[in-house]
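Q:
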Amino acid sequence: MQIEKVSARLKDVGGIPVARLIPQSGRRTIGAWCFLDHAGPAVFGSDSDGMQVGAHPHTNLQTFTWMLQGEMWHQDSLGCKQLIRPGQVNLMTAGTGDTRGISHTEQTPEGVKHLHAVQLWIALPLNQEIEPSFEHYPQLPAWTENGADYILTTGSYGGYTAPTRQYSPLLGLDMRLKASSEKAVTLNSGWEYGILVISGSFKTNGQVFAENELAFIEPNGASSLLLSAETDCHVMLLGGEPLPHPTLIWWNFVADSRESLCLAVEDWNQGHSRFGHIDLAGTGLKRLPAPSVPAKIR
Ligand code: MN
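Here's what the structure looks like:
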């Protein structure tokens, strides 16, 4: 089996350590999963307001937030305002095409001093007419099997199915393994998989994967993969069918062409109604301008 190790690019976003796994050169998508950040764990000092992300747009993607610790307010141009807590998923769908989009803000609530989350994007299938929407999933299938704890954030696994809406077949499974235990992970043939190490380390196929590393598994027809936890180990298994179209990403936009990205930048910066409106009064937040698409993106 071919397993590639992807190491994170580490960044500091307003005092929060963020490990970016995808996109990176050479590795752009895991099925339709096209963006993967491991944010935190962070503890905010008394002088910090935590994460305060101003109004920004998205196109042709879903934002998928898997909360591990702390809380976050989401507010969007559809009028949805939602607090997300640990063990919950927020799923915001931007809609498809050059006439649809969405915008939102994200804020740590006053008094909340922790943040630990996995932030993902899902590229939408561009041959479907998909409307913008927002969904909050407060409860997801969770079970324990032979000492391992599982929470299914999207898709089907082990006889369970998550309620999370999908536009292409995907899996997102949170797994906590005990030190020195072994677990076989079930794979669908033809899918791409990635395993993000949130904490601890595991060994598979003779390779050790540690915190903020991603094991990328090429589809090869194998139906399972054995993980050996070297320590107590918290991972997220991501999988999906490879996308049938190119996925270009610039700033907060996904598209299948440079022209669509350029139009999204222009529309957002000119206040086009496709991105709706968010009342920022009293939030202390700003509207974030979109940077121009660089020549290298095509
Ligand atoms: Mn966003």
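Using our numbering, you'd call the opening residue of the sequence shown number 691 and step up by one each time. Where a beta carbon is used, it is the ideal one built from N, C-alpha and C, also for glycine.
1) Beta carbon of Thr755: closer than 6 Å to some heavy atom of the ligand MN?
2) If you follow the alpha helix (DSSP H) that Trp958 is in, where does it begin and where does it stop?
3) Taking the alpha-carbon of Pro1013 as reference, which of Glu872, Gly930, Lys701 and Leu863 has the nearest alpha-carbon?
4) Work out the CA separation of Glu800 and Gly769 for me, nearest whole Å.
5) May I ask which residues mark the beginning and end of the beta strand (DSSP E) holding Ser793?
6) Exposed or buried, Gln797, counting other C-beta atoms within 10 Å across all chains shown (16 or more means buried)?
7) Thinking C-beta only, is Met762 closer than 7 Å to Ile774?
8) Is the beta carbon of Asp788 sitting closer than 7 Å to the one on Ser950?
9) Within the chosen definition, does the region 885-895 reach the region 913-926 through at least 3 CB pairs nearer than 8 Å?
10) Around the C-beta of Glu903, are 16 or more other C-beta atoms found within 10 angstroms, so that it is buried, or is it exposed?
11) Express the C-alpha separation of Gln765 and Ser736 in angstroms, rounding to a whole number.
12) In three-state DSSP terms, what is Val892?
13) Would you report the Cα separation of Pro731 and Ile706, rounded to the nearest angstrom?
14) Output the distance between the C-alpha atoms of Lys695 and Leu860, rounded to the nearest integer angstrom.
15) Measuring straight from C-alpha to C-alpha, what distance separates Thr795 and Leu970?
16) If you reduce the DSSP assignment to three classes, tell me which class Ser870 lands in.
17) Just confirm the distance between the C-beta atoms of His746 and Ser793, as a whole number of angstroms; I'd bet it's less than 8 Å.
18) Under the three-state reduction of DSSP, which class applies to Ser858: helix, strand or coil?
19) Cβ of Arg699 within 7 Å of Cβ of Arg710?
20) Can you list the beta strand (DSSP E) stretches of 3 or more residues lying completely in the region 730-794, in chain order?
21) Give the single residue among Thr844, Glu956, Val875 and Val779 whose Cα lies nearest to the Cα of Met757.
22) I'd like the list of long-range same chain contacts for Gln742, defined as Cβ closer than 6 Å, with 5 residues on each side in sequence excluded.
23) Check whether the region 863-881 touches the region 909-916, taking contact to mean three or more Cβ pairs, one atom from each stretch, closer than 8 Å.
24) Am I right that Gly1027 and Leu975 are in contact with their C-beta atoms under 8 Å? What's the rounded C-beta distance?
25) Looking at Leu928 and Ile693, is the spacing between their C-beta atoms short of 7 Å?
26) Between the Cα of Pro936 and those of Ile712, Cys724 and Tyr840, spot the shortest distance and give me the residue it belongs to.
27) Quick one: give me the first and last residue of the beta strand (DSSP E) that Lys695 is part of.
28) Where Ala954 and Thr786 are concerned, what is the direct C-alpha to C-alpha distance, given to the nearest angstrom?
A: Let's see:
1) No, the Cβ of Thr755 stays beyond 6 Å of every heavy atom of the ligand MN.
2) It spans Arg948 to Asn959 - the alpha helix (DSSP H) in which Trp958 sits, taken as one unbroken run.
3) Because the chain here runs from 691 to 988, residue 1013 falls outside it and cannot be looked at.
4) Straight-line measurement puts the Cα of Glu800 at about 21 Å from the Cα of Gly769.
5) Here the beta strand (DSSP E) through Ser793 covers Ile792 to Gln797.
6) Counting the other CB atoms within 10 Å of its CB gives Gln797 a total of 16 or more, which places it among the buried residues.
7) Yes; because the gap between Cβ atoms is below 7 Å, this pair is in contact.
8) Yes, they are a contact pair.
9) In the pairwise beta carbon analysis, the region 885-895 is classified as touching the region 913-926: at least three pairs are separated by under 8 Å.
10) Glu903 is buried by the Cβ-count criterion.
11) Across the structure, Ser736 and Gln765 are spaced so that their CA atoms are roughly 25 Å apart.
12) Just to set this straight, residue 892 is Phe in the shown sequence, not Val. The answer is strand: DSSP assigns Phe892 an E or B state.
13) Looking at the backbone, the Cα of Pro731 and that of Ile706 are separated by about 8 Å.
14) Straight-line measurement puts the Cα of Leu860 at about 21 Å from the Cα of Lys695.
15) Approximately 9 Å, taken between the alpha carbons.
16) Correct three-state label for Ser870: coil.
17) That pair is a contact at about 6 Å.
18) Three-state DSSP puts Ser858 in coil, outside helix and strand.
19) Going by C-beta atoms, Arg699 is nearer than 7 Å to Arg710.
20) If one requires a minimum length of 3 residues, the beta strand (DSSP E) runs lying completely within the region 730-794 are 742-748, 751-760, 762-766, 771-774 and 779-783, in chain order.
21) The shortest Cα separation from Met757 among Thr844, Glu956, Val875 and Val779 belongs to Val779.
22) Apart from sequence neighbours up to five positions away, the residues of its chain that approach Gln742 with a beta-carbon distance below 6 Å are Gln797, ordered along the chain.
23) Touching, per the Cβ criterion.
24) Only positions 691 to 988 of the chain appear in this structure, which leaves residue 1027 out of reach.
25) Against a cut-off of 7 Å, the Cβ pair of Leu928 and Ile693 comes out as no contact.
26) It is Cys724.
27) Counting along the chain, the unbroken beta strand (DSSP E) around Lys695 starts and ends at Ile693 to Ser697.
28) Going by the C-alpha atoms only, they are around 12 Å apart.
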